[in-house]
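Counting in this note's numbering, the final residue of the sequence shown is number 598, and the numbers go up one at a time with none missing. Built from N, CA and C at the ideal position, the CB exists for glycine as well.
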Amino acid sequence: MTDEQASTPTAATPRLSRDALKLPGLDPAHAARKDGPIVGIDLGTTNSCVAFVDDKGKPVVIKSREGYATMPSVVALSADGKLLVGHPAKSQMITNPTDSIYGAKRLVGRPFDSPVVEEVKLRTHYNVVPGPDGQAAVSLGGATLTLEEIAGLILAEMRAVAEAHLKRPVTRAIVTCPAFYSEHQRAAVREAGRLAGLHVERVLNEPTAAALAFGYGKAMKRRVAVFDLGGGTLDATVLNVDGESFEVVATGGDTFLGGVDFDHAIVARLLTAFKESNGVAFRGDRTAMQRMIEAAEHAKLELAQTERWRIHLPHLTAIEGKPYDLDVTVSRDEMDALVKPLLDRAIATLEQVLADANVKAKDIEDVLLVGGATRMVAVRSRLREAFGKEPHKGVHPDEAVAVGAALLAHALEKREGVRLVDVNPMSIGVALPGGRYKKVIERNTQLPLSKHYVLATTKDKQPSMELVVYQGENDAVAKNELLATLTFDELPKKPKGDVKVQVNFHLSDECILMLTALELSTGREVKATIATKGTPAVVLRRLQTRAGAIGTGSHQRPASGFFAWLKRLFRRD
């Protein structure tokens, strides 16, 4: 274990006090005002952006304090105990990797013991810890912060720069999220807004926001595909745009495919180059690894403009007292080969969305590219091959999502007749005996919608029943995401099978799930206790006891390659 790891704050006296967060929503008495302007905020994995529509109806991106159109989605605690957000936080990541929180969007709304969180832990230098409710949280300065609090700090900074620009209070926002976000994750976005002192008017899917930026106010009729490859996630969506109507036909995504994954593919090449040139495998602390990651990211950006790029990191690490450098030149062709498996995954996701929409690539009239990673030459080339046409250049990849959210905000304020029709990104269903999963609502069903599921007692005079609701596509329930456990009490004391409860599933136009239950023999509404905080492992153990094997383990994928090496290096077992 390195000296740096041994000194990682774990305990007794946190350097960060909760008072230092200064989030309005931490005060139980606080309630966000519901008047004033509505801004659009793109809460991104690597960068965030805020925009509004001016008095002339023109969308304007508000620059950060440092004068940039976007702000890094990074929160940090400096060595002297100062809380940093945005550019100041990112600028010190190399020297302060354990107290710099980045890429947290992938963790939002996820149980700590989920396979996804296990994978994220391998990619981060900060400590991911269990929160008080079993959800993933992070350690910052020895204090445990929820992911909603981290996102809330980023939204609070967005709010502050908007207020400085508009010279008036900002308490309302439309905040975007990946189309593939789950029910829990969307709720977490709303909670983050509340903590930042914002009333979230709507949680808007990022591809839909990009389509608004493309087509709002232009009286067009087009079938478009949005390919949104951001820092941490991929969304692919097919929409029909008809005047002020924006109708999503199908959507899909990958929550583990984004710019940071391309960076890590390049890092794997740098590790090989280090060993080849120095005759010894890289052994460095987290600061050295962070230098390598930032160099890979910079090379990725430069190779979008040039054919070759030199990466030179002098005195990168010392092994047994001897200093070692890294000096390697990477070509664009070499980088394209490194990221090809990731692009194959992206194209496969896109092809599935086209199949779900029942359209062929030639039927798509415009292809919109959103997200910084779409600047890569290889990405544009693969999309050109897939669609047989050049992607549209009418939207800014970094700003389109915030602009689209601002345009919707403007339409809401002016009460203009924008019609948004979305779909649910993932199926919702229930656990069955034997570890099976039954879908009640299929993915890509148009919102809003209502469906129901009926269950019956299995014992005489059974006083209660339980229904466990999941979200996902896998036939094995354990591989899907737990949404809630419903317990129905005070049931009529009748023979088994005579008592039936109809559970009604209603998804709003924002993909917010509401559950109600009706006892069919009496017609009365059944009291249901809904628990959403139980960990998947606990729920699965209970189901296994009650109804036979429900699945084993967490189905965690074994770490391999670069991430297995990271795990060994930092001893995260």
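Under DSSP, T312 forms no beta bridge with any residue.
A residue is called buried when at least 16 other Cβ atoms come within 10 angstroms of its Cβ; T399 meets this threshold and is buried. Between Y462 and V502 the beta-carbon gap is near 4 angstroms, inside 8 angstroms, which marks them as a contact. Restricting attention to G50, I66, T482 and D288, the CA atom closest to the CA of A430 is found in I66.
Within the DSSP secondary-structure output, M490 pairs in a beta bridge with F513. P416 sits in coil when the DSSP states are folded into three classes, being neither helix nor strand.
A buried status is given to T510, since no fewer than 16 other beta-carbon atoms sit within 10 Å of its beta-carbon. Inter-segment contact for the stretch 417 to 426 and the stretch 345 to 354 is absent: fewer than three beta-carbon pairs are separated by less than 8 angstroms. M360 counts as buried, since no fewer than 16 other beta carbons sit within 10 angstroms of its beta carbon.
Contact between the stretch 295 to 306 and the stretch 146 to 157 is not established, with fewer than three Cβ pairs separated by less than 8 angstroms. The stretch 65 to 150 is shown to contain whole beta strand (DSSP E) runs of 3 or more residues at 72 to 78, 84 to 87, 99 to 102, 108 to 110 and 125 to 127, in chain order. In terms of Cα proximity to G397, the closest of L375, D286 and P366 is D286. For T470, the three-state secondary structure derived from DSSP is coil. A buried status is given to M451, since no fewer than 16 other beta-carbon atoms sit within 10 Å of its beta-carbon. The beta carbon of S546 sits closer than 8 angstroms to the beta carbons of P517, K519, D523, V524 and K525 from its chain, once the five residues preceding and following it are set aside; these are given in chain order. In terms of CA proximity to L180, T95 leads the group T95, L237, G240 and D158.
For P155, DSSP records a beta bridge to A161. With fewer than 16 other CB atoms across the displayed protein chains lying within 10 angstroms of its CB, N383 is exposed.
Non-local beta-carbon contacts of L445 in its own chain, meaning distances under 6 angstroms to residues more than five positions away in sequence, involve F271 in chain order.
The C-beta separation of A217 from A176 comes to about 4 angstroms, placing the pair in contact by the 8 angstroms criterion. The shortest C-alpha to C-alpha distance from R333 to any of V395, R357 and L437 is the one to R357.
In this structure, the alpha-carbon of S139 lies about 43 angstroms from that of K246. L328 sits in coil when the DSSP states are folded into three classes, being neither helix nor strand.
The beta carbon of S489 sits closer than 7 angstroms to the beta carbons of T512, F513, D514 and L516 from its chain, once the five residues preceding and following it are set aside; these are given in chain order. Nearest in C-alpha terms to L264, of all of N505, V273 and T258, is V273. Bounds of any alpha helix (DSSP H) do not take in E390, whose DSSP letter is neither H nor E.
The stretch 460 to 476 makes no contact with the stretch 229 to 248: fewer than 3 CB pairs, one atom from each, lie closer than 8 angstroms. The C-alpha of F77 lies about 19 angstroms from the C-alpha of G419.
DSSP, read as helix, strand or coil, puts D267 in strand.
Of the residues G222, E467, V528 and N529, the one whose Cα lies closest to the Cα of D500 is E467. V395 sits close to A235, with the two beta carbons spaced by under 8 angstroms. Rounded to the nearest whole angstrom, the CA to CA distance from I119 to A313 is 8 angstroms. Judged by DSSP in its simplified three-state form, F252 adopts strand. Straight across, the Cα-Cα distance linking I291 with L363 is about 7 angstroms. Assigned with DSSP and collapsed to three states, A434 falls in helix.
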